[in-house]
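If you want the numbering used here, it's the position in the sequence shown, counting the first as 1, plus 38.
Read the structure below first, then the notes.
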Amino acid sequence: MASPADTVPLTGIAEPTGPLPGPFPWVAMYHSVGDRSPDPYRVTVTPERLAAQLRWLRRRGLRGVSVRELLA
C-alpha cells in the first residue's frame, strides 16, 4: 500500500515560483536510502523513489556535483 509520500507527483517538486535569489546551489539531501518498512519517522526514501527523483532532475538539466566542484 502506498503511503501519502509515495503519491505526491514528482512534477512541481523543484519548480521555482519566481527568480532565484542569486547564484545559490540547489541542494537535495537524504537522511537514508533503503527499505522504509522499519522507518517510523518516514525519513528513508526507497532506491526506486530516489532513482525516479534523480531522473526528474536530469530531465531538467540538473546534475550532481562534488563538494570540490561546488566550492571551486
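Just so you know, even glycine gets a beta-carbon here, dropped at the ideal spot from N, CA and C.
- Between Val71 and Pro85, the beta carbon gap of about 6 Å places them in contact (Cβ cut-off 8 Å).
- Going by DSSP, Arg97 is part of the alpha helix (DSSP H) stretching over 85-97.
- By a beta-carbon distance limit of 8 Å, Leu108 does not contact Pro61. Their separation comes to about 11 Å.
- Straight-line measurement puts the Cα of Ala110 at about 22 Å from the Cα of Arg96.
- By the 16-neighbour rule on beta-carbons within 10 angstroms, Val81 is exposed.
- Burial of Val83 is indicated by the presence of at least 16 other C-beta atoms within 10 angstroms of its C-beta.
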